[in-house]
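Here is the structure we will look at, set down as structure tokens.
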Amino acid sequence: MKIGELSAKTGCPVTRIRFYEQKGVMLKPKRGIGGQREYGDEDLTRLEFIMSCRVNGMKLECVKRFIEYVDNGKGTLWLYDRVNEYLKEVEIKRRQLDLVENFLTRVKIRLQNELSDNCSKVLKDRFLKELTDSSKQEK
0 MKIGELSAKT
10 GCPVTRIRFY
20 EQKGVMLKPK
30 RGIGGQREYG
40 DEDLTRLEFI
50 MSCRVNGMKL
60 ECVKRFIEYV
70 DNGKGTLWLY
80 DRVNEYLKEV
90 EIKRRQLDLV
100 ENFLTRVKIR
110 LQNELSDNCS
120 KVLKDRFLKE
130 LTDSSKQEK
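If you want it as structure tokens, here you go:
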């Protein structure tokens, strides 16, 4: 896929994709006819990972080092400590999101019940009005 397609699929601006390439976080893409960048599914997966990390506050340097480790297998104690820090942050965010999800689910259920009751009442009133109107027309 071309850079524009990658951008459209991920929501990542083309300029940022190029920036990630310059910083070495994204691999240099293969070049097609005319020198256009060509990306595959692995590039898409990598970019989605980078974007998820960045959205959740991870520094680009850490993302780069994590990816370098996965690509090359050279780890350090510093890297190990960063992984543990980010895992703690992920757990905190997961708990926060769970709280929000549970609250919103309760609101949704309550709204569904309330709207269902209201709809039933509206339909019942409409039905009774139609019955009344039709019986008046018969007379």
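Here numbering that gives the first Met the number 0 is used: the first residue of the sequence shown is 0, the next is one more, and so on. Idealized CB from N, CA, C, for every residue including glycine.
Assign residue i to one of three DSSP states: helix, strand, or coil.
{"i": "K1", "result": "coil"}
{"i": "C61", "result": "helix"}
{"i": "K55", "result": "Position check: residue 55 holds Asn in this sequence, whereas Lys was assumed. The answer is coil: DSSP assigns N55 none of H, G, I, E or B."}
{"i": "T131", "result": "helix"}
{"i": "T44", "result": "helix"}
{"i": "K73", "result": "coil"}
{"i": "V24", "result": "coil"}
Identify the residues that DSSP records as bridge partners of residue i: which are they?
{"i": "E100", "result": "According to DSSP, E100 bridges with nothing at all."}
{"i": "E37", "result": "K29"}
Pick out whichever of the options has its Cα sitting closest to the Cα of residue i.
{"i": "K29", "options": "K92, K22, K1", "result": "K1"}
{"i": "E37", "options": "M50, E20, C52", "result": "E20"}
{"i": "G145", "options": "D80, I32, D42, L114", "result": "Residue 145 lies beyond the residue range present for the chain, which begins at 0 and ends at 138; the question has no answer from this structure."}
{"i": "R81", "options": "V62, G72, Q95, R94", "result": "V62"}
{"i": "R15", "options": "M50, N83, T75, W77", "result": "M50"}
What residues in its chain sit with their C-beta under 8 Å from that of residue i, if we drop five residues either side in the sequence?
{"i": "R17", "result": "I2"}
{"i": "N55", "result": "E88, V89, K92"}
{"i": "M57", "result": "Y85"}
{"i": "Q35", "result": "K1, I2"}
Buried or exposed for residue i, please, with buried defined as at least 16 other CB atoms from any protein chain shown within 10 angstroms of its CB.
{"i": "V99", "result": "exposed"}
{"i": "K106", "result": "Note that residue 106 corresponds to Val in the displayed sequence, not to Lys. Under this definition V106 is an exposed residue."}
{"i": "I108", "result": "exposed"}
{"i": "V69", "result": "exposed"}
{"i": "R64", "result": "buried"}
{"i": "R45", "result": "buried"}
{"i": "L5", "result": "buried"}
So, is the C-beta of residue i closer than 8 Å to a C-beta in chain C?
{"i": "R64", "result": "Looking at the structure shown, chain C is missing, and only one protein chain is on hand."}
Can you give me the Cβ contacts of residue i inside the same chain, cut-off strictly under 6 Å, excluding the 5 residues immediately before and after it?
{"i": "G31", "result": "E37"}
Take residue i and list the residues in its own chain whose beta-carbon comes closer than 7 Å to its own, dropping the five residues that flank it on each side.
{"i": "C11", "result": "L46, M50"}
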